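Each remark here refers to the structure printed beneath this line.
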Amino acid sequence: MRPNTNSRLNLKGLWLEDFQKLLADWKEKPFRARQLASWIYGKRVSDFSQMTDASKSFREKLAKDAYVSDLKIVKTETSQDKSIKFLFELEDKETIESVFIFDKNRNTICISSQVGCPLACAFCATGYMGYKRNLTAGEIVDQIIQIKNKIPKNENINNIVFMGMGEPFLNYDNVLKALKIMTSDFGLGLSPKRITVSTAGVTDKIYQLARDLPKVKLAISLHSPEEELRKKLMPITKKFPLKPLLEAGKLYAKSSKQRITFEYVLIKGVNDTEEIALKLAKLIQGIPCKINLILYNPIADADFDRPSMERVNRFREILYPRAPAVTLRISKGVDIQAACGQLKTKTYRKSSGYKTNLIALSSVNKP
Ligand code: SAH
Numbered sequence: 296m297r298p299n300t301n302s303r304l305n306l307k308g309l310w311l312e313d314f315q316k317l318l319a320d321w322k323e324k325p326f327r328a329r330q331l332a333s334w335i336y337g338k339r340v341s342d343f344s345q346m347t348d349a350s351k352s353f354r355e356k357l358a359k360d361a362y363v364s365d366l367k368i369v370k371t372e373t374s375q376d377k378s379i380k381f382l383f384e385l386e387d388k389e390t391i392e393s394v395f396i397f398d399k400n401r402n403t404i405c406i407s408s409q410v411g412c413p414l415a416c417a418f419c420a421t422g423y424m425g426y427k428r429n430l431t432a433g434e435i436v437d438q439i440i441q442i443k444n445k446i447p448k449n450e451n452i453n454n455i456v457f458m459g460m461g462e463p464f465l466n467y468d469n470v471l472k473a474l475k476i477m478t479s480d481f482g483l484g485l486s487p488k489r490i491t492v493s494t495a496g497v498t499d500k501i502y503q504l505a506r507d508l509p510k511v512k513l514a515i516s517l518h519s520p521e522e523e524l525r526k527k528l529m530p531i532t533k534k535f536p537l538k539p540l541l542e543a544g545k546l547y548a549k550s551s552k553q554r555i556t557f558e559y560v561l562i563k564g565v566n567d568t569e570e571i572a573l574k575l576a577k578l579i580q581g582i583p584c585k586i587n588l589i590l591y592n593p594i595a596d597a598d599f600d601r602p603s604m605e606r607v608n609r610f611r612e613i614l615y616p617r618a619p620a621v622t623l624r625i626s627k628g629v630d631i632q633a634a635c636g637q638l639k640t641k642t643y644r645k646s647s648g649y650k651t652n653l654i655a656l657s658s659v660n661k662p
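FYI, in this note's numbering the residues of the sequence shown are 296 to 662.
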């Protein structure tokens, strides 16, 4: 049973300064801010009665005026390679999805930052769903908390990638707060170098993250070295053109003292030619980066195809000697189509007659 939340305050998503303010209002001691943070995020406890180092009267006060929300797992699907796709229900009944990507050397959680997405990239299933709302910082970190609670205890979480639904930089404040919760010792205790924020290219927020938390890794979804083609594939290019975007990426690599990643979804006959590979190699000269080639995952709304492996290899061969590093993303969880967008779609169709037959958003990551 979920608590009756009408008048109570949800503590999941609050961070140290929020707790301090709340405790001051409640005339409670400030040290309890860290206590609350480490119970909720560090120990992943949502039930106040289990917060054993808090006094009985404080726990009663908490139970009366506050609660700690938990995302509800509506559905999971486990693939043969042990990757798990989660469909979560939020308090307002919206749904999002996240993927636990199993790898024997390092496990990754792919999380969402928005319900839907306003960017309408031509090849992306979430884009066709439209935009509903931003996730709160609590809803962002809770994806990790709930997945950690569900997977076997001996499985580590090595990487977090913001490559689920949504554009993290259009929800900057909540994403930043979530990043602080994730990377603090009182929070989830994750190293910032193991977290990748992926953006379609919101240039000003790249500069802002370089000021606020440059240790986090940055990925830019590039998908074309040509301004005009990029505008067609990713309409956000009209607002944030390529050249200043690349300058921001270069600055970020410098501030963070680590390579940025350019994601590049290869689409047959669209952005996979030898000529384009050469252009791409030229464009990224001087930027400390890695290019992550991704095979396009076909979606029903778009009339695109996946290139042949021959073509992919040719593209990679051209790029490889000219770029600092090139990787090819290997999809995991293919048998459960663990590409973002799908679980949500199935549920939509059942409950509301949502008619499109969306297949996949992104393949899962092997950085
Ligand atoms: N909005 C952010 C993060 C979410 S998408 C961004 O654009 O980076 C995560 C990655 O999946 C992006 O690189 C995106 O371009 C890619 N992607 C989207 N649709 C895809 C598809 N059909 N096939 C393969 N990758 C896709």
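Virtual Cβ for every residue (Gly too), placed ideally from N, Cα, C. The structure presented is a predicted model; accordingly, all values stated were derived computationally and were not measured.
Check                                                                                                   : Outcome
E392 CB to nearest heavy atom of the ligand SAH below 7 Å                                               : no
heavy atom of the ligand SAH below 7 Å from A495 C-beta                                                 : yes
Local conformation of Y591 per DSSP, three classes                                                      : coil
Residues that DSSP places opposite V456 in a beta bridge                                                : C405, T491
Whether I582 touches L541 by CB criterion (8 Å)                                                         : yes
F381 beta carbon less than 8 Å from that of F364                                                        : Sequence check: residue 364 is Ser here, not Phe. No, they are not a contact pair.
DSSP beta-bridge partners of F326                                                                       : In the DSSP output, where bridge partners are listed per residue, F326 has none listed.
M346 CB to nearest heavy atom of the ligand SAH below 7 Å                                               : no
Beta-carbon proximity list for T431, same chain, < 7 Å, skipping 5 on both sides                        : G308, N469
Contact test: G544 Cβ vs the ligand SAH heavy atom, cutoff 7 Å                                          : no
A572 beta carbon less than 8 Å from that of L546                                                        : no
As assigned by DSSP and simplified to three states, the class of E312                                   : helix
Counted within 10 angstroms of its Cβ, other Cβ atoms place P602 as buried (16 or more) or exposed      : buried
Paired residues, beta bridge with N682 - DSSP                                                           : Since the displayed the chain opens at 296 and closes at 662, residue 682 lies outside it and no answer follows.
Residues near T491 in its chain [Cβ-Cβ closer than 6 Å; skip 5 each side]                               : V456, K512, A514
Helix, strand or coil at K351 [DSSP, three-state]                                                       : helix
Exposed unless 16 or more other CB atoms sit within 10 angstroms - verdict on N400                      : exposed
Distance cut-off 7 Å: Y591 Cβ against heavy atoms of the ligand SAH                                     : yes
Beta-carbon proximity of L318 to A328, cut-off 8 Å                                                      : yes
Contact set for G422: own chain, Cβ-Cβ below 7 Å, skip 5 residues either direction                      : C412, L414, A415, C416
Backbone secondary structure at Y643 - three-state DSSP                                                 : Residue confidence is low: Y643 scores 47 on pLDDT, short of 50, so the model does not pin down where it sits. No coordinate-derived value is stated.
Residues that DSSP places opposite Y467 in a beta bridge                                                : Looking at the DSSP assignment, Y467 forms no beta bridge with any residue, so it has no partner.
Classification of S302 by the beta-carbon crowding that lies within 10 angstroms, buried from 16 upward : exposed
Terminal residues of the beta strand (DSSP E) in which L513 lies                                        : 512-516
Simplified DSSP assignment, three categories, for I440                                                  : helix
Simplified DSSP state of Q637, which is helix, strand or coil                                           : With a pLDDT of 44 at Q637, under the threshold of 50, the modelled position of that residue is not reliable, and the figure given next carries that caveat. Of the three classes helix, strand and coil, the one that applies to Q637 here is helix, per DSSP.
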